[in-house]
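**Q**
Residue numbers (UniProt numbering), protein chains in the order written: chain H, 1 to 236; chain D, 1 to 263; chain E, 1 to 443.
What follows is the structure, given as structure tokens:
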């Protein structure tokens, strides 16, 4: 099979040719690829991606989140049990979040987290055999932007994982261009949850809908859409 | 409010289809001798059982219902139902096999009974101050002993008395009443015969003091313009029921109080 | 499967939006989502889409013995199926309480209101009658399956044709469709449900709640009504309290909505009938566009801009003739621009946001083609302070910013506006969410 990087592959396809790299002779297989004996098989349908020097994975349009270590997610606190919170991050299992994993939290000084709160956190442990574990601090013990998202006026909506990845990619304009015209705060969890907060309820709704509808648009289309949106804002 | 009561199973001897049968006579009387805005006779008794925390029996004309209340107690079976901020209300409605003209094969668990149980639950969840008993459960069991129209109403009224008897705090009484619209005039407290004539009727459960509606249900076709008339009549009916129930509760309380102080 | 828990944040926001008379999908309080009715190849099969909610109804008929007590009447059975396919909230197995409630509402709405004539379903009295069964399957639950199901059920019943039957003495013949044209059921009237969601103990009400709104609402009321303004069912429950006036108001609103919906159903039925008559293609395959990603499609929503348009035309009329069609934007210094000859800005210049806003404004003006925008830019601003007061609510943020340019001479400017503008939005807040992306204002 010829070089199919950037092309659509479907489960059962066999990858034979890998780009040669000077640095290493090994190949790293990411999500959607699997080694069966001598062959490399595709297990998800999507676009084959390659990153220098030797990483291959499949970009798949997926709605269910599979946790991966180090990713930033938005979760909903569902249960407070003992010294951990259980947080729903949309994965197969609820994640745990220790009450000590907040900035400035000690055994005496517990963070103020209630059931139903949103938390923006990083995945510390994520593998198929263990419960995912979240933290709201970086290695230095600082919040670094993580923590409980205040419930005053912001809105969280669910989207496909693809849209979230698209928003976070550096060559996507949606956040940049939208932010220039309507000031807003946002937190993007790669588990398909996006929290936005603008000055007014109306702006928040507009921003959320603009983001949600931008999934299958090019940058140019996004710009047109946002311009139209702003024109209509006065009549909204 | 007392009326001539015929044989309890009078509908058995009536032709099944009410062909040509007049629901309201020319003189304005209904089949059982009532005027259009009159309730049937209401007889009630509280505290009829010893095991239950609260119990009551009610007769509304020929419709007879029995209600018992247990709780608030710890949540049994299905601990998943526990609510951390309030009590869960569990209602079970059943109809005795001998309650209808034709013997019932399934006293509970059919769709109608399940729906009725759910409506009772919703009604009492709205009225009982459940926030006072977090992580607990209140059971309300209601049984229809004889069905002659307005089953839901009799259940609600009986259950209200039982809840009061059990000493569970409520925001207000909840009273229920039906009102129909037959031969271009609204009728209060529909009996089985009137029900099966196919005319529209409205079931209302409300808190009589604030006139807030807790549950509203309507069957068959009613023109939107007549809605207000029927709803007004039903409201009046609920207030009348309230007056009767309130009397009973006051009598019951003062009686038991007198007994307590006497000893 | 467990449903995704709803967070306080979502709940609070939805409630806040509703108190502001806004909805997250941009609809007005009494707006329905886009309603689409399409028919299958077979008679009596129909899919109703209400926004993203999808419900399929299939009607079938068989001949059976009538009930003892109604020997001359056929039967109508309505079965609502909430399969776990439609939503993670639905469990397989026994129907849930809410499922039973909805099924009962459907039955009451259609069967108990005698929408379909059951006596015409009789073939031989006491021996053979038609039993008509409508299976309503929920395919995707994005809220308000009640309305979608009721529309689907009645439309499918109206669309259904049963085989013709003739009785010759003792002999009953069922004719095949080739032999004799199948006959429609006699549908007397078309009752349709309208669902109202109540919030804040009945203070706010919405029509056609979507999934999120359904999860936040206190309770709901379902009004089943037909074209003749006859209420066929009414169901209100769910732990909230209402007064009589609200009930009557709902029935008023339902009247209007039902008329709209039934007109749409009638149109869809007529169109399908025509297509079948002309021998054109029909069925679901025709109604789904090919080569499109359908799961994430967003239907265009009409936003009512008449108010804004009126305002704009009024502004243009008042403005009189325009002497200079071009807006002359003066760039005073890099990063600072001015449109028109307004007075000097009396606000502190440290408002970086404001200037960029102005610049943005100027740029936008040049982008929007057509003379209208350009024409309004200059002369209207003179009148704006008066307008800004009367339209303080519905004017967009753009206009507010425009007024700001004339802050110096506009005494009528409301104080809350100026305080809101005094603090540069967001820019001095601690960078909270910078972990991933932080867009504070314009940089």
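For glycine and all other residues, C-beta sits at the position ideal for the given N, C-alpha and C.
Going by C-alpha distance, which of H:177, H:203, H:146 and H:37 is nearest residue 103 of chain H?
**A** It is H:146 whose Cα lies nearest to the Cα of residue 103 of chain H.
**Q** Determine the DSSP secondary structure at residue 223 of chain D, reduced to helix, strand or coil.
**A** Residue state, collapsed to three classes: strand.
**Q** Quick check: is the beta carbon of residue 230 of chain E nearer than 7 Å to any beta carbon in chain D?
**A** So, interface residue.
**Q** Would you mind working out which of H:140, H:82, H:123 and H:155 sits nearest residue 203 of chain H, comparing C-alpha positions?
**A** Among H:140, H:82, H:123 and H:155, the Cα nearest to that of residue 203 of chain H belongs to H:155.
**Q** Is the CB of residue 262 of chain D under 7 Å away from at least one CB in chain E?
**A** No - not a single Cβ of chain E is within 7 Å of the one on residue 262 of chain D.
**Q** Using a Cβ-Cβ distance cut-off of 7 Å, determine whether residue 87 of chain E contacts chain H.
**A** No, no contact with chain H.
**Q** May I ask you to report which of helix, strand or coil DSSP gives residue 38 of chain E?
**A** DSSP places residue 38 of chain E in strand when its eight states are reduced to three.
**Q** Along the chain, where does the beta strand (DSSP E) that runs through residue 219 of chain H open and close?
**A** From DSSP, residue 219 of chain H is part of no beta strand (DSSP E) but of the alpha helix (DSSP H) over 219-233.
**Q** Around the Cβ of residue 103 of chain E, are there at least 16 other Cβ atoms within 10 angstroms (buried) or fewer (exposed)?
**A** Buried: at least 16 other Cβ atoms inside 10 Å.
**Q** Which residues in chain H have a C-beta closer than 7 Å to the C-beta of residue 5 of chain E? List them in chain order.
**A** 76, 78 and 88, listed in chain order.
**Q** Among the residues of its own chain, which have a CB less than 7 Å from the CB of residue 228 of chain E, if the five just before and after it don't count?
**A** The residues are 189.
**Q** Could you tell me how far apart the beta carbons of residue 44 of chain H and residue 11 of chain H are, in whole angstroms, since I believe they sit closer than 8 Å?
**A** Confirmed, about 6 Å.
**Q** Applying the 10 Å Cβ sphere with the 16-neighbour rule, what's the burial state of residue 69 of chain E?
**A** Burial call: exposed.
**Q** Do residue 162 of chain D and residue 243 of chain D come within 7 Å of each other at the CB atom, strictly closer than that value?
**A** For residue 243 of chain D and residue 162 of chain D, no; Cβs fall outside 7 Å.
**Q** Is residue 12 of chain E helix, strand or coil by DSSP?
**A** Helix at residue 12 of chain E.
**Q** By the 9 Å beta-carbon criterion, what residues does the region 199-229 of chain H contribute toward chain E?
**A** Answer set for the region 199-229 of chain H: 199, 200, 201, 202, 203, 204, 205, 206, 208, 209, 212, 213, 215, 216 and 227.
**Q** Compile a chain-ordered list of the residues in the region 11-24 of chain E whose CB is closer than 7 Å to at least one CB of chain H.
**A** From the region 11-24 of chain E, only 12, 13, 16, 17, 20, 22 and 24 have a Cβ closer than 7 Å to chain H.
**Q** Return no unless some Cβ of chain E is closer than 7 Å to the Cβ of residue 116 of chain D.
**A** It does not: the Cβ of residue 116 of chain D has no partner Cβ on chain E nearer than 7 Å.
**Q** On a Cα-Cα basis, can you pick out the residue from D:231, D:254 and D:238 that is closest to residue 244 of chain E?
**A** The candidate whose alpha carbon is nearest that of residue 244 of chain E is D:231.
**Q** With C-beta atoms as the reference, is residue 73 of chain H less than 7 Å away from residue 192 of chain H?
**A** Contact: no.
**Q** How long is the line joining the alpha carbons of residue 30 of chain E and residue 141 of chain E, rounded to whole angstroms?
**A** Residue 30 of chain E and residue 141 of chain E: Cα-Cα distance of roughly 20 Å.
**Q** With 16 as the cutoff for other CB atoms within 10 Å, does residue 462 of chain E come out buried or exposed?
**A** Absent from the structure is residue 462 of chain E, since the part of chain E shown begins at 1 and ends at 443.
**Q** Can you check whether the C-beta of residue 138 of chain E is within less than 7 Å of a C-beta belonging to chain D?
**A** Chain D contact via Cβ: absent.
**Q** Comparing the C-beta of residue 394 of chain E with each C-beta of chain D, is any distance below 7 Å?
**A** In this prediction, residue 394 of chain E scores a pLDDT of 43, lower than 50, which makes its location untrustworthy; the coordinate-derived value is nonetheless stated afterwards. No, no contact with chain D.
**Q** So the alpha helix (DSSP H) residue 449 of chain E belongs to, where does it begin and stop?
**A** Since the first and last residues shown for chain E are 1 and 443, residue 449 of chain E lies out of range.
**Q** Cutting at 7 Å between CB atoms, please list the residues of its own chain near residue 291 of chain D, excluding the five before and the five after it.
**A** Here chain D has residues from 1 to 263 only, and residue 291 of chain D is not among them.
**Q** May I ask you to list, following chain order, the residues of the region 242-274 of chain E that have a beta carbon less than 7 Å from some beta carbon of chain D?
**A** Those residues of the region 242-274 of chain E that come within reach of chain D (Cβ to Cβ, closer than 7 Å) are 242, 243, 244, 247, 248, 251 and 255.
**Q** Between residue 130 of chain E and residue 44 of chain E, is the Cβ-Cβ spacing less than 7 Å?
**A** It is not a contact, given that the beta carbons lie outside the stated cut-off.
**Q** Start and end of the alpha helix (DSSP H) containing residue 129 of chain D?
**A** No alpha helix (DSSP H) holds residue 129 of chain D; DSSP gives it neither H nor E.
**Q** Using 8 Å as the Cβ pair cut-off and three pairs as the minimum, do the region 1-10 of chain E and the region 134-154 of chain H touch?
**A** Contact between the region 1-10 of chain E and the region 134-154 of chain H is present, because at least three Cβ pairs lie under 8 Å.
**Q** Looking at the unbroken beta strand (DSSP E) that takes in residue 274 of chain E, where does it start and where does it end?
**A** Note, residue 274 of chain E: premise wrong, no beta strand (DSSP E); alpha helix (DSSP H) at 244-277.
**Q** Of all the CB atoms in chain H, is at least one closer than 7 Å to the CB of residue 369 of chain E?
**A** Any reading at residue 369 of chain E must be qualified, since the residue scores a pLDDT of 44, below 50, and its modelled position is unreliable; the value itself is stated next. Chain H contact via Cβ: absent.
**Q** Would residue 39 of chain E and residue 208 of chain E qualify as a contact pair, given that the criterion is a beta-carbon distance under 7 Å?
**A** Their beta carbons are not under 7 Å apart, which means residue 39 of chain E does not touch residue 208 of chain E by this criterion.
**Q** DSSP three-state label for residue 360 of chain E, please.
**A** Only weak support exists for where residue 360 of chain E lies, its pLDDT of 45 falling under 50; the value from the coordinates is given anyway. It is helical.
**Q** Given 8 Å as the limit, is there contact between the region 200-217 of chain H and the region 17-31 of chain E, that is, 3 or more CB pairs closer than that?
**A** As far as the Cβ criterion goes, the region 200-217 of chain H touches the region 17-31 of chain E, which means the pair count is three or higher.
**Q** State yes or no: is the C-beta of residue 179 of chain D within less than 7 Å of the C-beta of residue 216 of chain D?
**A** The answer is no: Cβ separation not under 7 Å.
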